[in-house]
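Structure record follows, encoded as C-alpha cells.
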Amino acid sequence: MLGASTKGRVDWALVLAASGLIVTGTIAVLSASSHIPGYHGVLQRHFLALAFGIVLFLFGFGFKYQIFQDQSRIIYALVLAVMVGVLFAGTVRRGHRSWFEFSLISFQPMEFARIGVILTLASFLDRRGRRITELSTVGAALALVGAVMVLILIQPDFASALTFFPVLIAMLFCAGASMEHLAVLVGYGAVAIAFPLAYVLCQVHFPDAGPGTLARMVMETGRLGWTTAAVLMGIAAAVAAVWWVAVMMRVRPRSGYFIAGAAILIAGLLSGIMVNRQLKGYQRNRFVAFLAPETDIQGASYNVHQSVIAIGSGGLWGKGLFSGTQSRLGFLPERHTDFVYAVIGEEMGFVGALGVLALYLTMIWRLIETARLSRDRYGSLVAGGLASMFALHLALNAGMCLGVVPVAGIPLPLVSYGGSSLAVTMWALGIANNIYSHRYSFL
Amino acid sequence: MINGRSSRVGPLQDRISLLWMAIYLCGAGLGARLVHLQVVQRAEYALAAERNRTQIIYQAAPRGRFYDRDGVVLATNEPAFSLIYLPPKGSTAQGLASLAEEIAKHLDADRKGLQEKLQQAMREETAVRLAENLPTRAMFRLSELKTLYPGIDLVVEARRRYPFGRFASHLLGYMGRMDQHSWGQFKARGYRIDSRIGKMGLERVFEFELRGKDGGIVMEVDAQGRLKGILERIPWQPGSNIHLTLDAAVQKAADEGLRSSLTGRGAAAALDPRTGAILAMSSAPDFDPNDFLSSDPDLVKRTAAELPEFNRAIAGAYAPGSAFKVVVGAAGLNEGRFTTSDAVYCPGHTEIGGRVFLCWEAKGHRTMTWFPGLTNSCDVYFYRMGLRTGGALIERYAGMFGLGAKTNVALKWEKKGNLFGPRAKGARAWYDGDTANLAIGQGELLVTPMQMAVLAAAMASRGVVWRPHFTSRIEYTGGRPEYKQMPEQVGTVALKESTWRDLHEAMRLVVSSGTGRTAIIPGLEVYGKTGTSQNPGKDHAWFVSFAARPGEVPSVAVAVLVENGEHGGSAAGPIARSMMMAAFGMADPQAKASPLPAGMEVPHNLRAEPPARLATRRP
C-alpha cells in the first residue's frame, strides 16, 4: 500500500453495481422461493452466504493482490485438490457429483475453481509474457485449464465445464496471444460444438434420411465407424488438394496454415463426436428444444417456453413482487436458481429486467476499466478474465431465460440463489477492487 | 496493431477494448430481446400466462321454464352434480388408466371411453366433464377420489326437468347432445361442445330464447393442476321463461286418453275457437323427456333408440272418414244444392256409375233427411247429397276450412295432407264415384289431426280459421320487453246464418242422440261428429267436436284420432269428452293434471324468480 492514493481507493461504481445486483437477486429469491418447501432453509443459507461473502470480499480486498500471484501454485493445487476430492467425497445433486456436504453447510467446489483457474491462468500468462506468442504457451494454458475441465466433465457437468473454454480464449486474447493460435482454438471449439448441434438437427428434421443424403452421413459419422474414418480422410485429402491447387497457382501459402486447418477440423470433429456420444438424454433434448422448439412444448422446451411467457407477461412494470403467477404457481422451473432472471422479468417487468442487465454491464465495464488501469499485467489479466466470465454467465443465463440460447444449467452470479457462487463471486469482486485500488501504486 | 503497442505495462489496451465491445454488443442484444418480449409482445404473453393459471368450469345455466296458461310449470330445472377433470401437469398415461378404472367402477361406465376423455383433456389442457347428473350415492364415493387424484372435482349445474314426465312430450321435445352438424352451427353463439340443446318440439323451436348464459367458476391452478383458489365466480343468467297457451289438464287428459286407448297410437289436438290458442296437442306413443337426462347411460341410449319421433298430431295424415261429412253439409246447404228436408231412401246400399256403394249400416237407414242423415252418419244420404253438391264445390269448401294446407303451427315436420277433388286431380277424369267417395271422407283425401282441430274450431266460431299457436308470452331476461302472442286469423268460412244453425244443430244431435253419445257431458252443450276411416288395417277412429256452456260461445274445439280404433264414437269419443271436461275444469278423476309431485320442491338456487303459482283452475 505504499504510495497508494486514498482517493479512488474503492471502485464505488463496481461496489454499487454489485450491491444492486445482490439486493435485486435477494428480493427475487425471496419471492421465487416463497412457495417452495424449505423456504426458511433457503433464506437462512442465502443470508449466511451473503455474510460470508462480505468477509470474503474484504479478504480479497484486504491483502495486496500480488499475494494471489505469488501463491498461484498453491491456489492451483487447491483447485485440483477440491475437484479431485469432490469426485470421491462429494455428494450427487441433480446428477452431478459436485457437492461437499458438511453437517451445517454445503459447498460447491466448482465455484471456487472458476475463480481459482482465472487467478492461476493470469499468473501463468503473466510469467510467460515474453513468450506469449509461442505455441507452447498456448498449449500449456490449454493443459492448465483442460485439467480442471476434465475433472468437471467426470462429475459429469458438461455445461459448467464448457464455460471454462471461452474464458481461456478471452484471457489468451487479452494476454496478447497470436491471432493464429486463437483462431485455431476458436475453430476447434466451434467445430466441436457444431457437430453435436448438426447431429441433433439432422436427427430432428430428417429422422429417416436415406443413404447417400448429407443428414444420413452426419448421423453415420456420429457412430464412429467406417464413415467416420472416411470423412476424416476426406477432410485431410480436401485440405491437401486445396494446398496443391494453391501451390500450382504459385500462391505460395504457408504450410502451417494448412496443417493447422486440417488439425482443427479433424480434432474438432473427433471432439464433437465424443461430446455427442457423451450427451445425456436431457442434454440432447435441450439442444432439440433450442433448435426446434415447436416439436415438443410439454417436454424439453417446456422450461424455456414458460420462462419466455413469464418475462413477456411481466410487461413494462411487472406484476409486482410476490405476484408473478408463472413463478408462484410453479410453471417456471428452477425459479430461484437458474431461472431467477425470469422471475425478475415477470415481477419487476421490463424496468427490473433491463435494470439488472444494466447493472451487470456496469459491473463488467468496471472490471474492463480495472483491466485497463491495472498497474501490472497480472491484475489486468485477472480483471479481464473476471469480466469475460461474468459476461459469459450473463449471456448464457439471461439468454436461456429469454429463449435465445440453449438451456444450460448456468447460474447468474450474484443474482441466482446459490451460496457458494455468491460467496466466491464476492471474493473475486474483492480482488478486482483490490487491483483497482492499487492502480497507481508502484510496489 | 492488435499484436502491438501498449501504453502501460501489461496487456494490450486495444484487445481489452475489443473484448468490451463484444460484451457490450451481447448485452445490447439481450436488451433488444427484452424489448421484444416485454414491450412488443407483452399482451400475447400476458394472455398465455393467464391461460396457464386459469381453468374455467362452466356451469350450465337454468333454461327458461315452460308454463301452461295457469302458471303450472311444465319444464323447469334442478341442480345436478357433474364430475369434472382438470388435467394436472405431468400426469402420466398410466396414472390416467388407473384413474379411469377407479371412476368406471363407481359409475358403472365404460373404462375405455373414460380413459380416452381423460387423455384428450390432458392433451388439450382443458377441463372435461366425465359424467353428469351423478346419483347421490356415486357422488359421495367420487368425492373421496378427489383427495386421491388431483384434478378430479364435482360441480353443481342446472339440469332440465320435466315435472310431469310423460307429458306433452312431442310438443315440449327433449334435450340432447349436439351432433357435429349443430356444433358447427352453434359454436359462434357461445355454445360449448358439451352443451345440451333442445332437440325437438318447443325446446328446439325456442332454443335461443330458453338458453341462458352459462356461469362458471374461474379457478387458479398451479402447474400440477391443483386448485389454488377461486378467482371469480361468473353468475349464470337464466333463460327466458315461456308461457304457453297449453292447459295442463286438457293435455293430461289427451295424453292419458291416447295412451290407454285401444291401440295406444293416435293423436289429439284442442284449440280455443275464440283465439286459435292450442290447449293440448298430443301424440301417442310418447316418451318421458327426463329419460334423456338420466345419469344412467343405458337408459339414455335405450330412450334414444326407441324414441317415437313421429308427431302424429301434425305429421300424421289420415283419411277423415265420416267426420268430413260436416264439410259436405256446409257446402251443399250453403250453396242451396240441397235442403235439410230433402230426403233420400237408404236401403243399405246404392248404385253410382255402375258400381254399388254400401252404407256402413247394412240394414239401411230407411228415409233420411239432413238431421238424421248426419246424426246416424248415413253413407247413402251423403253419396246422394255429395253428388248433388258436386266434387268441385266440396273441394273448395274443404280448402276454405284449411284442409290440404299446413296450419303453420310453429313446429317442424308438419304435413299438409292432401286435398282431393276435381281440381286436385287436374286433367285426369273425375267420376261420380270419386265424388261419392269424397262425400264420406274416403279416397285420396288426407288430413292431419291438427287440421281437423282447426276445422272444429272454425265450426265452433262460425267460420274463423285460425293459425294455431302455443305461446301466450315470452318473459325475456335481460330487460328485453315481453313478447305477447296475438291471435292470427288466416281465413274465413262465410256461410249463411241458416247453414251454421243447421250444421250446429246436426252436430249437437250427433252427440245427444247419434253416433257420438260417448261424448255427452251433462251441463254442457257438446257438438261433434264421429269418423271411421277405412284403411288397409283396422279402421281409424276420429272424433271432431266442440263444446260450450249453455248460452255462451264455444270455448273448446277438439279433434281426436285413434289409429285402428275402429269406431269413432267408442274409441275417440271418450278421449274428446275427458279433454273437453278438463277444459271446463270439471272434476274427472282420471284426467286431472297433478301439480309437482310430492317431494319435488324446486331447489332454491335454481329459482330464477319467485316460485311459480301452482295450478289454479279457472271457474
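Top line first, the protein sequences correspond to chains A and B. The opening position of the first sequence corresponds to residue 1 in the numbering used here, with each subsequent residue numbered one higher. The opening position of the second sequence corresponds to residue 444 in the numbering used here, with each subsequent residue numbered one higher. For every residue, glycine included, the Cβ atom is placed at its ideal position computed from N, Cα and C.
- Just measuring C-alpha positions, the residue of B:K981, B:L817 and B:P740 sitting nearest L557 of chain B is B:P740.
- In this structure, DSSP gives S327 of chain A a helical state, which the three-state scheme calls helix.
- Taking one beta carbon from each stretch, the segment 662-677 of chain B and the segment 981-988 of chain B have fewer than 3 pairs nearer than 8 Å; the two do not touch.
- Its chain contains A28, S31, G314, G318, K319, G320, L321, F322, S323, G324 and S327 as the residues whose beta carbon lies nearer than 8 Å to that of E347 of chain A, once the 5 sequence neighbours on both sides are disregarded; these appear in chain order.
- As DSSP reads the structure, H686 of chain B sits in a beta bridge with B:Y510 and B:R916.
- Closest by C-alpha distance to A387 of chain A, out of A:T26, A:R94 and A:R114, is A:R114.
- By the rule that beta-carbons nearer than 8 Å mark a contact, Y467 of chain B touches chain A.
- At least one CB atom of chain A sits nearer than 8 Å to the CB of N495 of chain B.
- At least one beta carbon of chain B lies nearer than 8 Å to the beta carbon of T325 of chain A.
- Within 10 angstroms of the beta-carbon of A190 of chain A lie fewer than 16 other beta-carbons, which makes it exposed.
- At least one beta carbon of chain B lies nearer than 8 Å to the beta carbon of F173 of chain A.
- According to DSSP, I527 of chain B shares a beta bridge with B:R572 and B:D596.
- Burial of L898 of chain B is indicated by the presence of at least 16 other C-beta atoms within 10 angstroms of its C-beta.
- Beta bridge pairing from DSSP links N861 of chain B with B:L889.
- By the rule that beta-carbons nearer than 8 Å mark a contact, R708 of chain B does not touch chain A.
- Counting only runs of at least 4 residues, the segment 333-376 of chain A fully encloses the following alpha helix (DSSP H) elements, listed from N- to C-terminal order: 340-347 and 349-373.
- Of all residues in the segment 643-674 of chain B, those with a C-beta nearer than 8 Å to a C-beta of chain A are E663, V664, D665, A666, Q667 and K671, reading in chain order.
- If you draw a 10 Å sphere on the C-beta of R923 of chain B, you find fewer than 16 other C-beta atoms in it, and that means exposed.
- Counting along the chain, G314 of chain A sits inside the alpha helix (DSSP H) bounded by residues Y302 to G314.
- Here the alpha carbon of V890 of chain B sits roughly 7 Å from the alpha carbon of G847 of chain B.
- DSSP, reduced to helix, strand and coil, places G409 of chain A outside both helices and strands of the structure shown, so it counts as coil.
- Per DSSP, H624 of chain B is not a residue of any beta strand (DSSP E); the alpha helix (DSSP H) it occupies stretches across Q623 to F629.
- Apart from the 5 residues on each side of it in sequence, L367 of chain A sits with its Cβ closer than 6 Å to the Cβ of A383, L386, A387 and A432 in its chain, given in chain order.
- Non-local C-beta neighbours of P1017 of chain B in its own chain, meaning closer than 6 Å and more than five positions away in sequence, comprise T961, ordered along the chain.
- Unbroken beta strand (DSSP E) runs of no fewer than 3 residues, entirely contained in the segment 950-999 of chain B, are found at 968-976 and 983-991, following chain order.
- Spanning the alpha carbons of S34 of chain A and V340 of chain A requires a straight line of approximately 13 Å.
- Of the candidates B:Y605, B:N495, B:Q562 and B:K548, the residue whose Cα lies closest to the Cα of Y510 of chain B is B:Y605.
- CA-CA distance, V218 of chain A to R284 of chain A, rounds to 16 Å.
- In the three-state reduction of the DSSP assignment, Y440 of chain A falls in the coil class.
- What G538 of chain B touches in chain A, judged by beta-carbon distance under 9 Å, is nothing: the nearest beta carbon there is about 15 Å away.
- Between H613 of chain B and A756 of chain B, the gap from beta carbon to beta carbon is short of 8 Å.
- With respect to chain A, the C-beta atom of I459 of chain B has a partner C-beta closer than 8 Å.
- By the criterion of a C-beta distance shorter than 7 Å, G644 of chain B is surrounded in its chain by H613, L614, L615, G616 and L854, once the five residues flanking it on both sides are discounted.
- Look at A710 of chain B here: in three-state DSSP terms it is strand.
- Linking M1024 of chain B to V907 of chain B through their CA atoms gives a straight-line distance of about 23 Å.
- Among the residues of the segment 568-597 of chain B, none has a Cβ less than 8 Å away from any Cβ of chain A.
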